[in-house]
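The structure appears right after this line, and notes come after that.
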Amino acid sequence: MRTAHETRCCVAGCGPAGAILALLLARAGVDVVVLEKHGDFLRDFRGDTIHPSTLEILDELGLAERFLRLPHSRAETLTLRTSAGDTLRFGFRGVPTKYPYIVFVPQWDFLDFIAAEAKRYPAFHLVMNAEVTDVVWDGEAVRGLRYRAADGEREVRASLAVGADGRESRTRDALGLPRVAASPPVDVFWFRLSRRARDGAGVQAVIGPGHFIALLDRGDYWQVGYTIGKGEADTVRGQGLDALRRSFASLVPALADRAGELRTWDQVKLLRVRADRLTRWHVPGFLAIGDAAHAMSPVGGVGINVAIQDAVVAANRLWRPLRDGAVPVEALAAVQRERQLSVRATQVMQEFMHRQLLARNLRSTSPPRIPPMVRLALKTPGLGALIPRLVALGINRPHVESPARAGTAAAGA
Ligand SMILES: Cc1cc2nc3c(=O)[nH]c(=O)nc-3n(C[C@H](O)[C@H](O)[C@H](O)COP(=O)(O)OP(=O)(O)OC[C@H]3O[C@@H](n4cnc5c(N)ncnc54)[C@H](O)[C@@H]3O)c2cc1C
Numbered sequence: 279m280r281t282a283h284e285t286r287c288c289v290a291g292c293g294p295a296g297a298i299l300a301l302l303l304a305r306a307g308v309d310v311v312v313l314e315k316h317g318d319f320l321r322d323f324r325g326d327t328i329h330p331s332t333l334e335i336l337d338e339l340g341l342a343e344r345f346l347r348l349p350h351s352r353a354e355t356l357t358l359r360t361s362a363g364d365t366l367r368f369g370f371r372g373v374p375t376k377y378p379y380i381v382f383v384p385q386w387d388f389l390d391f392i393a394a395e396a397k398r399y400p401a402f403h404l405v406m407n408a409e410v411t412d413v414v415w416d417g418e419a420v421r422g423l424r425y426r427a428a429d430g431e432r433e434v435r436a437s438l439a440v441g442a443d444g445r446e447s448r449t450r451d452a453l454g455l456p457r458v459a460a461s462p463p464v465d466v467f468w469f470r471l472s473r474r475a476r477d478g479a480g481v482q483a484v485i486g487p488g489h490f491i492a493l494l495d496r497g498d499y500w501q502v503g504y505t506i507g508k509g510e511a512d513t514v515r516g517q518g519l520d521a522l523r524r525s526f527a528s529l530v531p532a533l534a535d536r537a538g539e540l541r542t543w544d545q546v547k548l549l550r551v552r553a554d555r556l557t558r559w560h561v562p563g564f565l566a567i568g569d570a571a572h573a574m575s576p577v578g579g580v581g582i583n584v585a586i587q588d589a590v591v592a593a594n595r596l597w598r599p600l601r602d603g604a605v606p607v608e609a610l611a612a613v614q615r616e617r618q619l620s621v622r623a624t625q626v627m628q629e630f631m632h633r634q635l636l637a638r639n640l641r642s643t644s645p646p647r648i649p650p651m652v653r654l655a656l657k658t659p660g661l662g663a664l665i666p667r668l669v670a671l672g673i674n675r676p677h678v679e680s681p682a683r684a685g686t687a688a689a690g691a
């Protein structure tokens, strides 16, 4: 049996994009229903990097101070080095921001924090274990979302449906929105190894023959990203865990004594790196944001932050038409127009890094070196400030313009 209810905005997915959009709309007094297919926010090795742009947005919402009380680690510098010892360091010190560092927080803590804040607003409704299966049509326009709950199929009818359902987005597939796919040359194995005080800190990237290793300081452990060639996961697994341990130990001798902590393949999670972008993010009654509109490569750890910037722009542009009950397609197009340059610039920067740091190195058998183009890009006066700035803030970081309507927060919150 199918049951339906009505709202102003119905969002598929409570990841960073959906959660922030819903918080901003509810805060502005717009009724919003978020449908999340999982029963909780637990997910390992997802984007855990909160960049200066997101910290500034939280600051504008009066949430940064409380957010920074959650257990976290910080990185002020990024160190690029080769397994032969050549080193290049850059940081966020010159970036014009109140928060010149990256904060590492498990994504589930971030989402729990945002959802708890959103629940203070009576206009916010979160439905967990609700898997969106399709959009609801009314003539030429989308008028809501259909989802599967434990007790059967349901519909939410809404002035606007938002696809914030990530890189495997069901909604964008249902609508067949036109997409351009890039082809990042790598996949990544993620695993954890314990961290000791003498290991150093921050974010470190190690270029070695055939591999690129990312080491993220997560307090008492290192989150390790071990890149492999695209589609080679089964081959690497076939070579056995011992071969992986040996390869890692030779690339990062300082952590060789920790490689033995990898005891089963269950500890090693595969990220199939994908990057794409929709050329149109909307149809009447529907807008895609975040990874659903543009899946991001993990390079630079920007995915969450780009998704959140989409959500801020969507709330800025749409809270008023949503409150008034009709969202013209021009308003949806305006969201895409305002965001697409920043998204494209970030993807171009990622493609440059794929080519310079990842692809070239995977093929190379000669001693590893920091590519001259990367050194030039990071060390040339003026230009050198651009990459840290792009990673930290993106192009034209949006400000929160949607209002906090008086009386919208629940009493006692
Ligand atoms: C393994 C991995 C590691 C990553 N590492 C980083 C990193 O270090 N830093 C970084 O910034 N980015 C990283 N990313 C990318 C980052 O996680 C994403 O760019 C970011 O989370 C995008 O946010 P989003 O809200 O658009 O989508 P998502 O975070 O993917 O959220 C989508 C939400 O929709 C839900 N959903 C999906 N389908 C449905 C459905 N049919 N019905 C209802 N709900 C649905 C999902 O459960 C999820 O909660 C990583 C991604 C992966 C996969």
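Numbering (the working numbering), first residue to last: 279 to 691.
Glycine is no exception: its CB is placed at the ideal position from the N, C-alpha and C atoms.
Remember, predicted model here, so these are calculated numbers, not experimental data.
**Request:** May I have the straight-line CA-CA distance separating residue 601 from residue 285, to the nearest angstrom?
**Result:** Sequence index remark: in the sequence shown, residue 601 carries index 323 (1-based). Sequence index remark: in the sequence shown, residue 285 carries index 7 (1-based). The straight-line gap from Cα to Cα measures roughly 11 Å.
**Prompt:** For residue 294, is the beta carbon positioned less than 8 Å from some heavy atom of ligand 1?
**Reply:** For the purposes of this step, residue 294 is taken as the residue at position 16 of the sequence shown. Indeed, a heavy atom of ligand 1 lies less than 8 Å from the Cβ.
**Request:** Would you mind working out which of 471, 560, 670 sits nearest residue 534, comparing C-alpha positions?
**Result:** Start at 1 with the first residue of the sequence shown, and residue 534 comes out as number 256. Closest option to residue 534, Cα to Cα, is 471.
**Prompt:** Pairing CB atoms from the stretch 355–369 with CB atoms from the stretch 294–303, are three or more of them under 8 Å?
**Reply:** no
**Message:** Checking the sheet assignment: what are the DSSP bridge partners for residue 312?
**Reply:** What you label residue 312 is simply residue 34 of the sequence shown in a count that begins at 1. Bridge partners of residue 312: 289, 404.
**Prompt:** Which same chain residues, not among the five before or five after residue 578, have their C-beta less than 6 Å away from its C-beta?
**Reply:** Position 300 of the sequence shown, counted from the first residue, corresponds to residue 578. Counting only Cβ-Cβ distances below 6 Å, and skipping sequence neighbours, we find 669.
**Request:** May I ask you to check if the CB of residue 505 is nearer than 8 Å to at least one heavy atom of ligand 1?
**Result:** Your numbering for residue 505 matches position 227 in the sequence shown. Residue 505: no, Cβ never under 8 Å from ligand 1.
**Prompt:** Is residue 690 buried or exposed, if buried means 16 or more other CB atoms sit within 10 Å of its CB?
**Reply:** As a first step, residue 690 is located in the sequence shown; it is residue number 412 there, counting from the start. For residue 690, the predicted structure reports a pLDDT of 44, less than 50, and the residue's modelled location is therefore unreliable. A value from the coordinates is still provided. The residue in question, residue 690, is exposed, as its Cβ has fewer than 16 Cβ neighbours within 10 Å.
**Asked** Given residue 380, which residues of its chain have a CB within under 6 Å of its CB, disregarding the five upstream and five downstream residues?
**Response** Along the sequence shown, read from residue 1 onward, the residue named residue 380 stands at position 102. Excluding residues within five positions, the ones whose Cβ falls inside 6 Å are 327, 329, 353.
**Residues of its chain near residue 419, where Cβ-Cβ distance is below 7 Å and the 5 sequence neighbours each way are ignored** = Position 141 of the sequence shown holds residue 419. 562, 563.
**Item:** For residue 581 and residue 442, the rounded distance between their alpha carbons
**Value:** For this step, residue 442 is matched to residue 164 along the sequence shown. For this step, residue 581 is matched to residue 303 along the sequence shown. Distance between the alpha carbons of residue 442 and residue 581: 13 Å.
**Prompt:** So does residue 447 have its beta carbon nearer than 8 Å to some heavy atom of ligand 1?
**Reply:** On the sequence shown, residue 447 is found 169 positions in, with the first residue counted as 1. Yes - ligand 1 has a heavy atom lying nearer than 8 Å to the Cβ of residue 447.
**Asked** When burial is assigned at 16 or more other CB atoms within 10 Å of the CB, is residue 293 buried or exposed?
**Response** Along the sequence shown, one-based indexing puts residue 293 at 15. Buried, since its Cβ has 16 or more Cβ neighbours within 10 Å.
**Asked** To which residues of the same chain is residue 391 closer than 7 Å at the C-beta, ignoring the five residues directly before and after it?
**Response** Position 113 of the sequence shown, counted from the first residue, corresponds to residue 391. Contacts found: 345, 348.
**Item:** Span separating the alpha-carbon of residue 632 from that of residue 671
**Value:** Here residue 632 is taken as the residue at index 354 of the sequence shown, counted from 1. Here residue 671 is taken as the residue at index 393 of the sequence shown, counted from 1. C-alpha separation (whole angstroms): 20 Å.
**Prompt:** So is residue 247 buried or exposed if we call it buried at 16+ other beta carbons inside 10 Å?
**Reply:** In the structure as shown, the chain starts at 279 and stops at 691, and residue 247 therefore has no counterpart that could be examined.
**Asked** Taking 8 Å as the cut-off, is the CB of residue 464 close to at least one heavy atom of ligand 1?
**Response** Counted from its first residue, the sequence shown places residue 464 at position 186. No, since every heavy atom of ligand 1 falls outside the 8 Å radius drawn around the Cβ of residue 464.
**Request:** Could you have a look at residue 371 and say whether DSSP puts it in helix, strand or coil?
**Result:** Residue 371 sits at position 93 when you count from the first residue of the sequence shown. In the structure shown, residue 371 sits in coil (DSSP, three-state: anything other than H, G, I, E or B).
**Touch test, the stretch 304–314 against the stretch 418–438, Cβ-Cβ under 8 Å, three pairs minimum** = yes
**Request:** Taking 9 Å as the cut-off, decide whether the C-beta atoms of residue 665 and residue 656 are in contact.
**Result:** Within the sequence shown, numbered from 1, the residue matching residue 665 stands at position 387. Within the sequence shown, numbered from 1, the residue matching residue 656 stands at position 378. The answer is yes: Cβ separation under 9 Å.
**Request:** State buried or exposed for residue 624, treating a residue as buried only when at least 16 other CB atoms are found within 10 Å of its CB.
**Result:** Here residue 624 is taken as the residue at index 346 of the sequence shown, counted from 1. Looking at its Cβ environment, which holds 16 or more other Cβ atoms inside 10 Å, residue 624 is buried.
**Prompt:** Per DSSP, residue 501 is paired with what?
**Reply:** For the purposes of this step, residue 501 is taken as the residue at position 223 of the sequence shown. Residue 501 pairs with 470, 494.
**Asked** How about residue 466 and residue 646: do their beta carbons lie closer than 9 Å?
**Response** For this step, residue 466 is matched to residue 188 along the sequence shown. For this step, residue 646 is matched to residue 368 along the sequence shown. Contact flag unset, no.
**Prompt:** Quick one: what's got a C-beta closer than 7 Å to residue 673's C-beta in the same chain, skipping five residues either side?
**Reply:** Your numbering for residue 673 matches position 395 in the sequence shown. Cβ neighbours of residue 673 beyond the five flanking positions: 619, 620, 623.
**Item:** Distance between residue 460 and residue 550 (C-alpha atoms, nearest Å)
**Value:** Numbered from its first residue, the sequence shown carries residue 550 at position 272. Numbered from its first residue, the sequence shown carries residue 460 at position 182. Cα to Cα, the separation comes out at about 13 Å.
**Message:** Please report the straight-line C-alpha distance between residue 309 and residue 663, rounded to a whole angstrom.
**Reply:** Working through the sequence shown from its first residue, we reach residue 309 at position 31. Working through the sequence shown from its first residue, we reach residue 663 at position 385. Their Cα atoms are separated by approximately 42 Å.
**Message:** Among the candidates 597, 612, 635, 630, whose CA atom is the shortest distance from the CA of residue 306?
**Reply:** Translated into the one-based positions of the sequence shown, residue 306 becomes position 28. Among 597, 612, 635, 630, the Cα nearest to that of residue 306 belongs to 597.
**Asked** Leaving out the 5 sequence neighbours to the left and right, which residues in its chain are closer than 6 Å to residue 296 when beta-carbon positions are compared?
**Response** The sequence position of residue 296 within the sequence shown is 18, counting from 1. Correct list, in chain order: 289, 312, 442.
**Message:** Taking 8 Å as the cut-off, is the C-beta of residue 410 nearer than that to any heavy atom in ligand 1?
**Reply:** Looking up residue 410 in the sequence shown gives position 132. Residue 410 Cβ: within cutoff of ligand 1.
**Asked** Span of the alpha helix (DSSP H) holding residue 520?
**Response** The residue given as residue 520 occupies position 242 in the sequence shown. Start and end: 519–529.
**Request:** From the DSSP output, in three-state form, read off residue 346 for me.
**Result:** Along the sequence shown, read from residue 1 onward, the residue named residue 346 stands at position 68. Three-state result, residue 346: coil.
**Prompt:** CB-CB under 6 Å to residue 677, same chain, minus the five flanking residues each way: which ones, in chain order?
**Reply:** Locating residue 677 in the sequence shown gives position 399, where the first residue counts as 1. Hits under 6 Å: none found.
**Prompt:** What is the residue span of the beta strand (DSSP E) that residue 359 lies within?
**Reply:** As a working mapping, residue 359 is identified with position 81 in the sequence shown. It spans 355–360 - the beta strand (DSSP E) in which residue 359 sits, taken as one unbroken run.
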